[in-house]
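Residue numbers (the working numbering): 1 to 262.
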């Protein structure tokens, strides 16, 4: 049975996969966790991870089965253009996959990238001001998240250039009409970033609704507070122990469905 890269709580690092088998297992785990937490609607998520044993090859979730049914063996391998190795045909919803693959090309140190069309993510992505620094979790992304207008008519080279420019030195994007994109140095970090980014969006929507109902302006911390909080939060996100709980998530999946590793 395939085993994940696994470290204990006392370890300083959860590493990126070093084999295709581990990459498949951890990508399947991320897909199942997204479904379990209700972060992605049906057909509204595209994840991709580098194949550590085949340069230029990416593993991704196919259009079917559903995320909650994914297993490592059901993932497919594609090239940089999203063409499936087995069928030699492009994947359905090639736009979402193209964005994710473009992000991975723009971030050579990233092990994985994911795009989810969560309701809250699509709402915040549509706002002119984007994600506001009004919660502790939002500080994690302040200054590290860009905005991107997806042009479905753009060719592959233009899309790669534009996604890279929108990401800059950051690791997340608000993709208008598409939702939330993140890049992670590990599958574990990719999952955690998505989880917290969607949480930020839900908190912001609730805060904006409450402020509107009360007829009062939304309170935003001072620049000094934001700067200090961002530095603290960024250090947390970039620390290896940020994802030290990844083995626990895998244990939960084992308890829910031991056959998921097949």
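Cβ atoms here follow ideal geometry from the backbone N, Cα and C, with glycine treated the same way.
Bear in mind the structure is a predicted one, so any value in this text is a computation, not a measurement.
Residue 215 has its alpha-carbon roughly 36 Å from the corresponding atom of residue 42. Here residue 104 is buried: its Cβ has 16 or more other Cβ atoms, across all protein chains shown, within 10 Å. Looking at the backbone, the Cα of residue 112 and that of residue 99 are separated by about 12 Å.
Buried is the label assigned to residue 187, since at least 16 other Cβ atoms lie within 10 Å of its Cβ. Between the C-alpha atoms of residue 80 and residue 170 there is a straight-line separation of about 21 Å. Beta-bridge partners assigned by DSSP to residue 90: 83. In this structure the stretch 230 to 238 lies against the stretch 135 to 147, because at least three pairs of beta carbons, one per stretch, are closer than 8 Å.
By the neighbour-count criterion, in which 16 or more other beta carbons inside 10 Å mark a residue as buried, residue 55 falls on the exposed side. For residue 27, there is no enclosing beta strand (DSSP E); the residue is found in the alpha helix (DSSP H) stretching over 20 to 36. The beta strand (DSSP E) runs of length 3 or more contained entirely in the stretch 167 to 255 are, from start to end of the chain, 172 to 176, 179 to 184. The Cβ atoms of residue 91 and residue 62 sit closer than 9 Å to each other. The beta carbon of residue 58 sits closer than 8 Å to those of 48, 49, 50, 51, 77, 78, 79, 80, 101, 104, all from its chain and outside the five residues before and after it, given in chain order.
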